[in-house]
Every structure is written in structure tokens, then in C-alpha cells.
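What follows is a set of notes on a single structure, which appears directly below.
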Amino acid sequence: RLAALALVLACAPGTSARSLDRPCVQPHTPATLDRAGGRRARDGASGEAAALAVRGGSGGGTMEAIDFVFADRATIPGFLGVDCQAELLDHVQAMGADKILLVTEENVDRHQGAYWQPLLDAPNGFVEKIVLPSGDEAKSWEHLHELVRWNFDVGATKKSVVVAFGGGALLNVAHLFASITYRGMKLVSVPTTFLAMHDVVTSLKTSICFDGRKNNVGTFYAAQKILIDVGFCRTLPSAELFSGLGELAKNACLFGKEHAEGFVKALTSPASEPSDAEFTLGIRPLLELTRLGIKAKMEVLAIDAYEKNFGMIFEYGHTVGHAIEKAYGDGVIPHGLGVVYGMLSSSYVAEKLGLMSAADRERHDKVCNLLVRKWPLPTPRPSAELVYQLAMKDSKRGIACEETHQVSDVLLKQMGEFIPTPTSNLYAFDSAMLREWLRSMFPTASER
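So in the numbering used here the end of the sequence shown lands on 605, straight run, no missing numbers.
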């Protein structure tokens, strides 16, 4: 059904027979760390020794090469692996930067900060690090200004490389910073959450949040490399796993087939049914789900790099999902879970409009409920009216030429079949139907 296949997998040497079919990315010689200047300079050690120390680090897994093809806008070389610290750091060194601007967040720095220690401890060190708050708190004008100010304070140049190291929110603001400073700096994206690994780096979008709205200021910008170590998922709390799974539930409903099968398999396996422990998934299933999520996004963005037309289908469930997130307050509801609840609101509307049959809605909602039953909305719940008002201020508003009483989202006929529209596949409908659904989910005390 999709016209192009963007995901081109080519394994690292020695990891698969696929390397016999076509050449992998050309091997490189890691740049040495013998740089002039730098606030962590030491005497008496050679750059070559430092490079060798990095290559021999504890994370010796190999990475497979992936081309992230965004139509004719950009083709980004990417690399995917598990516990691949040594090779990942080699890729960063190979950028030939005069400075590495490492932008990270508090939670990631606490759990994964030592990952960069071989570069931070290198002689004539050239890594500058800044730590922002975790989550959407980082996505503000204030923190964007802080990044720009820091860039000039540490003496970064056009030869410097920004390394964005964190979850989706951190990547959003760090990518925006890289896109506007010096009219565009070299950027390497290193996602640390399951969601960011398959749903954030697979987009050119950058953003911050302004005036109580979600992702309403931003640009489109391409990194020079995308480096994914799925091993970071070992330290993620269950909420972060749910967030990544929520976007995969969206792909399952949008595309069906292998995306639905992979999602259902992961959520119905014995390992996903903990007794009294937090929800967990094994590292191998996470690796396979990451590949599947990347494939879903890149098959579409090979045609629509800026997600303006066909790519708008990935906004399915986001109108209400973002509103629920904002109504609870930043960081309470995992993003992917908000999206799944938004998808349930959309299937309700689709059935009310006669676009989706009751049986098809049941099949759709059954997939969503695999996740929802593991994470019910916490109490106290915000009012239906607050969620409604936030949905009516969604950042996509205007694309579907909504009238004042309308709201819009992507709607499906059935799993694997969305309703195409001339307004970037967003369907405007009477917001009274949204109110009905919200009142069933967020009843007042008198309505309970």
C-alpha cells in the first residue's frame, strides 16, 4: 500500500549475511582526542591512547547501519545496536569536531552519564556538557536561550558538534537549538528512551512548548548521524516503556499486519504480565520493536519528509492525547499513553459518524486496551471541560479548516485503513462528539 520503502538495513561487518549483499557503511578510523584547548586538558597522554581506550570500552556490541531517508530533504546515516558504547563513541569522534557540545537531561545524566566518561576524561578534552531538566520542562524559551548562551560562552564554532543525549523532550529542544545557532550546527542524535528511539529520531521536527500549548514553536532539521543503543532501555521505568509502546499501538492501528502482530505479541507475552513488579520487556523484544517502529515511520517519511500530507497520519490520537497530558500537568501521563486514549476518542467519533463499524471499533479498541488496562488514568482526574478546551487549542488547528464548533484528528475506517482528506488527512468533526466521550472518561462528581 505504501509507495516507497525507506528503511535500508545494512548490518555492521560480521553481524549478518546481509553484508554480502551490499557494502556496509565504509569503516572509519576514529579521530584522536589530541585537541588543542579544552577545559579538561591533561598533559602526558597521547590522543591515540585515548581513542583506543574508547574502542575497548565495556560496551563492545556492534551496530547495524540504517539509512533514515526523508524524501529528497535528507538521508541520515544511522546505527542501531545493543550495549555498543565503544562503536557509538567512535562515531561521535569521527565527526572531527573542535568541540563536542553534549546536551543532556537530569535523569539521563544520573543513570547514563558515565557512558561518555571515556571522552570526558580524555587528554586535551574537548567535551562541554550541559544538563537540562527532564521532560517537557526543558522545552521552554528559557532553556532554549540558556543553550544558545552556553554555546557562545564555551567558544563553540561552526566546526563544533551538538550531541543530543536524552529522551524525546530533550531531543526536541536540543535539535531546535542546533537548527538555529549559527543558522545550523552539526548534530548527532543519541536517544535514550524507547519512544525516542523509534518515534522521535524518525522525524525532522524540533520543538518547544509555549503559552501552555504543546510543540507550537519549532523547525525542521536533520541530524548528521543517529546513534541508537537499545541497552539504555534497561534503566527505563515502566512509564517510559509504556510511552514507547503507545506510539507502537498507534502504528498497529494505522497499518495493521506486521505492526499489529508485533505489538500484540509483545503485550501478550508472559514476560509482559508481571505479578507484583513493574512492567518490563526483554532487550531483544525491545530491539525488534524499535526496528518495527523505525520501519513504520520511515516508509511514510520517504514520501513526505515534513509530515505535511501523508505523514500527518502519525498525528492519529494526538489532538486529545496532548490535551490529556497538558491537563494532568507535564510528566504525569506518559506521552504514548495519552496518544492511546486519544485513539480511543477517535474510534468513538468514527463510529458515531458511521465511518467505522461497531465490530471494527471493537477490534481497534481491543489493541488499545492491551496497553490501557496496564495503565489506567490516575486520580484525581482533570475535568472533561479542561481537556476539551486544551484540545480546541491544538497546534494543528487550522489545517483542516475547522469551524469554531469543530475539532480535527486523523480518523480510521478500520485497522490498517485511514480516512483520506484533502486537508492533510485531518478530519474536522463536531466537537460535541468529543465532549460526549470526554465526559465518559472524566466525569464530574455528580455524573459518577
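All C-beta atoms, glycine included, are put in the ideal place defined by N, C-alpha and C. If you're wondering where the values come from, they're calculated on a predicted model, not measured in any experiment.
Check whether residue i and residue j have beta carbons under 8 angstroms apart
{"i": "D266", "j": "V288", "result": "yes"}
{"i": "L361", "j": "A379", "result": "yes"}
{"i": "I365", "j": "L344", "result": "no"}
{"i": "L384", "j": "V347", "result": "yes"}
{"i": "S317", "j": "A251", "result": "no"}
{"i": "V239", "j": "V387", "result": "yes"}
{"i": "G573", "j": "G401", "result": "no"}
{"i": "E444", "j": "A423", "result": "Checking the sequence shown, residue 444 turns out to be Leu, not Glu. No, Cβ-Cβ distance for L444 and A423 is not below 8 angstroms."}
{"i": "L591", "j": "V477", "result": "yes"}
{"i": "H521", "j": "S504", "result": "yes"}
{"i": "L276", "j": "L246", "result": "yes"}
{"i": "L411", "j": "Y473", "result": "yes"}
{"i": "D356", "j": "G488", "result": "no"}
{"i": "H302", "j": "V330", "result": "no"}
{"i": "K315", "j": "F283", "result": "no"}
{"i": "N538", "j": "F599", "result": "It is Arg, not Asn, that sits at residue 538 in the sequence shown. Contact flag set, yes."}
{"i": "E418", "j": "F351", "result": "no"}
Chain-order list of residues whose beta-carbon lies under 7 angstroms from that of residue i (same chain, five-residue window excluded)
{"i": "T349", "result": "V265, Q269, F322, G323, G324 and F389"}
{"i": "L595", "result": "A541, V544 and Y545"}
{"i": "H562", "result": "D587 and S588"}
{"i": "Y272", "result": "Q242"}
{"i": "H608", "result": "In this structure the chain extends from 158 to 605, so residue 608 is not present and cannot be described."}
{"i": "D278", "result": "none"}
{"i": "R448", "result": "none"}
{"i": "L547", "result": "A480, K483 and A484"}
{"i": "A313", "result": "K256 and L258"}
Reduced DSSP secondary structure (H/G/I, E/B, other) of residue i
{"i": "F638", "result": "Examination of residue 638 is not possible in this model, given that the chain is present from 158 through 605 alone."}
{"i": "S597", "result": "helix"}
{"i": "Q571", "result": "strand"}
{"i": "T172", "result": "Below a pLDDT of 50, predicted positions are generally treated as unreliable, and T172, at 32, falls in that range; the measurement from the model is reported next regardless. T172 falls in the coil class under three-state DSSP."}
{"i": "V489", "result": "coil"}
{"i": "V529", "result": "helix"}
{"i": "V506", "result": "helix"}
{"i": "I470", "result": "helix"}
{"i": "C241", "result": "coil"}
{"i": "T392", "result": "helix"}
{"i": "L209", "result": "Low confidence applies to L209: its pLDDT is 24, below 50, so where it sits in the model is not reliable, and the reading given next is rough at best. L209 falls in the helix class under three-state DSSP."}
{"i": "S336", "result": "helix"}
{"i": "G419", "result": "helix"}
{"i": "M354", "result": "helix"}
{"i": "M500", "result": "helix"}
{"i": "R554", "result": "coil"}
{"i": "G341", "result": "coil"}
{"i": "G253", "result": "coil"}
{"i": "E517", "result": "Going by the sequence as given, residue 517 is Asp instead of Glu. If DSSP states are grouped into helix, strand and coil, D517 belongs with the helices."}
{"i": "N329", "result": "helix"}
{"i": "E464", "result": "coil"}
Residues sharing a beta bridge with residue i, DSSP
{"i": "Q563", "result": "D587"}
{"i": "F227", "result": "A231"}
{"i": "S346", "result": "A321 and I383"}
{"i": "V374", "result": "I365"}
{"i": "V288", "result": "T261"}
Cβ shell of residue i (< 6 angstroms), same chain only, five flanking positions each side left out
{"i": "V319", "result": "L258, A335, M342 and L344"}
{"i": "W532", "result": "F399 and L494"}
{"i": "N373", "result": "F367 and S552"}
{"i": "K509", "result": "M590"}
{"i": "K454", "result": "T359"}
{"i": "T261", "result": "V288, F322 and G323"}
{"i": "T578", "result": "Y584"}
{"i": "D517", "result": "Q571"}
Residue i - containing beta strand (DSSP E), residue span
{"i": "L384", "result": "K382 to D386"}
{"i": "T261", "result": "I257 to E262"}
Beta-carbon proximity list for residue i, same chain, < 8 angstroms, skipping 5 on both sides
{"i": "I576", "result": "A507, L512, V567, L568, L569, K570, N582 and Y584"}
{"i": "A406", "result": "F420, G493, V496, V497, M500, V524, C525, L527 and L528"}
{"i": "G235", "result": "A222, I223, D224, F225, V358, K382, I383, L384 and I385"}
{"i": "R306", "result": "none"}
Distance cut-off 7 angstroms: residue i Cβ against heavy atoms of the ligand SAH
{"i": "L528", "result": "Here there are no bound small molecules, and the ligand SAH is not part of this structure."}
Element boundaries [alpha helix (DSSP H), containing residue i]
{"i": "A484", "result": "H475 to Y485"}
{"i": "W273", "result": "Run containing W273: none; DSSP gives neither H nor E here."}
{"i": "V545", "result": "It is Tyr, not Val, that sits at residue 545 in the sequence shown. From DSSP, the alpha helix (DSSP H) with Y545 extends over A541 to A548."}
{"i": "I440", "result": "I440 to L458"}
{"i": "R538", "result": "Premise fails: R538 is in no alpha helix (DSSP H) and is neither H nor E."}
{"i": "N408", "result": "S395 to F412"}
{"i": "F110", "result": "With the chain running from 158 to 605 in the structure shown, residue 110 is simply not present."}
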